[in-house]
Amino acid sequence: MTKEVRVRFAPSPTGALHIGGLRTALYNYLFAKKMGGKFILRIEDTDQTRFVPGAEEYIQESLDWLGISPDESPWKPGSVAPYRQSERKASYMQYALELVEKGHAYYAFDTAEELEAMRERLTAARVLQPQYNSITRSQMKNSLTLSGAELKERLASGDPYVIRAKLPLKEEVRLHDLIRGWVMVHSSTLDDKVLMKSDGMPTYHLANIVDDHLMGITHVIRGEEWLPSAPLHVLLYRFFGWEDTMPQFAHLPLLLKPDGNGKLSKRDGDKLGFPVFPLNWVDPFSGEKSSGFRENGYLQEALLNFLAFLGWNPGDEREIFSLEELVEAFSIERIGKSGTKFDIAKAKWLNEHYLRSSSQVQLISYLQKDADAAGVAIAQEKAAAIVALLRERVTFPADFWRDSQFLHQAPSDFDPEVATKKWNGDAATLLQAYAQTLESGLPAPFDAASAKALLESTAEANGIKLGKVMQAARLAVTGLGAGLDLMEVFAILGPQEVAKRIRFALDTLAIVD
RNA sequence: GGUCCGUUCGUCUAGGGGUUAGGACGUAUCCCUUUCACGGAUAAAACACGGGUUCGAUUCCCGUACGGACUACCA
């Protein structure tokens with residue numbers, strides 16, 4: 214039997230969870246469930262200067278909303294707790310020290326100014342990549358260049374220092390990526406990355422390797438932006454002697470801007486008018502607001518389906534997948550290699566699909582909720598009729614209310630273009646007669662069929678062709694030139710309201726024949 | 001600049017040495033219809049370029065171009 218699959222999603226609580234991060238979380242979840250393994254959430258808050266209050270809760274709420282809650286997390290600790298790196302702080306130093314002892318890391322005392330001076334010197338000497346590496350470290354202030362006595366003294370006096378990885382000068386580092394195959398990088402292009410910062414916190418690189426090891430992570434599924442540092446991570450596993458349990462890597466293609474160039478960013482959403490975050494978010498420091506898919510009316514099933522297909526496909530022609538179906542169909546092998554442009558039109562289409570397959574009761578509740586908020590009471594029967602008429606033509610839940618405005622309130626003005634083109638003497642004559650009939654009281658129930666029959670007979674009695682005046686009738690009653698089946702609208706409004714609206718139109722609209 | 005990754009219709013993609021290069025979104029047209037949608041049908045639309053390898057390359061290899069990521073005591 215093989216080892217249980219354990220994957221982790223490891224965001225930093227530095228703000229709202231980006232939609233790309235959410236997709237990474239989804240793929241981790243899908244893989245874990247597919248393999249019968251565990252999906253773990255670890256908060257990577259080693260940069261105290263970037264911590265943003267509320268960001269953790271935002272992450273949690275986003276995952277919960279999508280239905281991909283982690284099996285283990287800070288809020289649901291498993292056997293490898295804690296799940297917040299700030300709470301694991303105490304354990305990292307011993308690992309860094311272990312590397313120092315093994316000769317794979319060293320203390321460095323260089324100040325920010327000295328580092329800057331080094332880079333300037335190197336740049337002046339036309340060194341292409343000024344970096345702290347196997348060559349330049351010999352000229353810097355570190356435990357490799359300082360005398361044993363001075364090192365002891367600096368350490369004892371509490372001089373601030375970092376611990377850097379000591380990378381080999383010449384070594385081909387190979388790593389196998391589940392999505393990209395073998396990736397080869399020469400160690401001479403890597404620099405001596407900082408492992409422990411002077412504030413006593415580890416950097417991503419150290420914390421990540423140590424925690425993945427300690428938490429029994431079997432597969433690291435993360436964004437492509439980590440690919441360049443993956444060779445360093447492989448080296449660290451080797452330094453620790455953990456190579457035989459090193460997780461497998463899968464670097465996901467990035468989500469790109471819809472118009473082509475670059476990684477999708479927060480600004481794109483603002484600019485193009487669609488969200489790039491799952492939920493609304495207000496930055497606690499700047500007060501800046503970002504809108505979310507959820508509040509924009511996207512259904513969680515739709516966002517899930519949309520996200521899953523950004524870089525993955527099942528290999529056949531199915532497009533509509535529930536979370537369970539995604540789990541069933543998912544495989545890392547079918548994740549694409551190239552960056553994916555974010556196309557909101559597809560998300561809208563999916564949303565329409567899921568909205569239409571929602572229950573009548575659910576859709577009515579959307580309408581009623583918005584009506585309540587606007588202080589309008591809609592009889593349940595009327596709401597049901599509205600939803601039935603609208604369900605094939607909405608994209609978002611809020612459309613039920615928005616697109617049924619004219620059913621709740623008589624038009625105060627009329628589409629001028631339609632009025633000019635369609636309003637004529639015949640229409641006025643017919644509607645005048647129709648309104649009169651409606652006002653005189655009707656024997657039969659007033660439904661779409663009887664409303665139509667009555668309109669037809671009225672037209673016939675006046676020698677008017679119905680087709681010529683339907684648009685005018687629509688204009689008179691709704692103020693608009695297009696929309697729902699007019700007779701159904703009449704039925705919902707009822708005879709008295711229809712007559713009243715016709716009277717108003719007759720009084721308001723000028724006849725231009 | 002350097003390192004690494006990538007490149008099939010506008011977009012998401014299937015495919016893979018011999019195919020009419022398939023699907024979906026979007027777009028257009030037609031049908032349905034009192035309008036608009038829905039639905040149905042149809043159409044336009046792609047293998048970045050140049051060399052190899054091969055009987056044959058969109059598919060394999062190498063270059064070029066283009067795009068992207070990374071290049072912090074951020075993750």
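According to my numbering, the first sequence is numbered sequentially starting from 214.
All C-beta atoms, glycine included, are put in the ideal place defined by N, C-alpha and C.
For clarity, every value in this text was computed on a predicted model and none was experimentally measured.
Given residue i, which residues of its chain have a CB within under 7 Å of its CB, disregarding the five upstream and five downstream residues?
i      : result
His399 : Glu385
Glu274 : Leu492
Gly707 : Phe659
Pro755 : This structure cannot settle anything about residue 755, because the visible part of the chain is limited to 214 through 726.
Lys410 : Val375, Thr416
Leu485 : Pro471
Only counting the same chain, and skipping five residues up and downstream in sequence, which positions put a Cβ closer than 8 Å to that of residue i?
i      : result
Val218 : Phe244, Ala245, Met248, Gly249, Gly250, Lys251, Thr431, His432
Pro290 : Tyr296
Ala646 : Thr671, Ala674, Asn675
Val313 : Tyr319, Tyr320, Ser356, Ile376
Ser625 : Gly692
Leu679 : Leu668, Glu669, Ala672
So what does residue i bridge to, in DSSP terms?
i      : result
Leu468 : Thr553
Tyr320 : Ile376
Leu388 : Val396
Trp636 : For Trp636, which the question treats as bridged, DSSP gives no partner whatsoever.
Val407 : Arg377
Gly505 : Phe490
Val495 : Lys502
Arg350 : DSSP lists no partner for Arg350.
Val433 : Phe462
Trp525 : Ile548
Phe222 : Leu254
Asn355 : Ala321
Lys383 : DSSP lists no partner for Lys383.
Pro415 : Met409
Arg297 : Ile256
Lys476 : Leu469
Here's a check: name, in chain order, each residue in its chain whose Cβ is nearer than 6 Å to the Cβ of residue i, leaving out the five neighbours to either side.
i      : result
Met414 : Thr259
Ala463 : Leu391, Ile392, Ile434, Ile545
Met459 : Tyr450
Ser503 : Ala229, Phe490, Trp494
Lys554 : Leu469, Pro471
Ala521 : Leu539
Trp455 : His426
Leu310 : none
Ala623 : Arg714
Tyr345 : Asp404, Asp405
Does residue i pass the burial test, meaning 16 or more other C-beta atoms within 10 Å, or should it be called exposed?
i      : result
Thr324 : exposed
Glu669 : exposed
Met214 : Unreliable placement is indicated for Met214, whose pLDDT of 49 sits below 50; the coordinate value is still reported in the next sentence. Exposed: under 16 other Cβ atoms inside 10 Å.
Met397 : exposed
Leu341 : exposed
Arg377 : buried
Glu285 : buried
Gln593 : exposed
Phe487 : buried
Val589 : exposed
Arg236 : buried
Trp395 : exposed
Leu276 : buried
Arg507 : buried
Trp288 : exposed
Glu327 : exposed
Arg350 : buried
Leu568 : buried
Arg263 : exposed
Asp720 : exposed
Quick check: the segment 694-701 against the segment 644-655, are at least 3 beta-carbon pairs closer than 8 Å? no
Can you list the alpha helix (DSSP H) stretches of 4 or more residues lying completely in the segment 248-292, in chain order? 268-279
I'd like to know if the segment 704-723 and the segment 684-692 are in contact, where contact means that at least 3 CB-CB pairs between them fall below 8 Å. yes
Give a yes or no on contact between the segment 609-625 and the segment 591-600, applying the rule of three or more CB pairs nearer than 8 Å. yes
Taking only runs that begin and end inside the segment 555-633, name each unbroken alpha helix (DSSP H) of 4 or more residues, in chain order. 557-569, 573-586, 593-603, 612-615, 618-621
Stretch pair the segment 575-584 + the segment 523-537: three plus CB contacts closer than 8 Å: no
Say whether the segment 229-240 touches the segment 475-490, bearing in mind that this needs 3 or more beta-carbon pairs closer than 8 Å, one atom from each stretch. yes
Residue ranges of each alpha helix (DSSP H) within the segment 653-713, 4 or longer: 661-674, 679-691, 699-706
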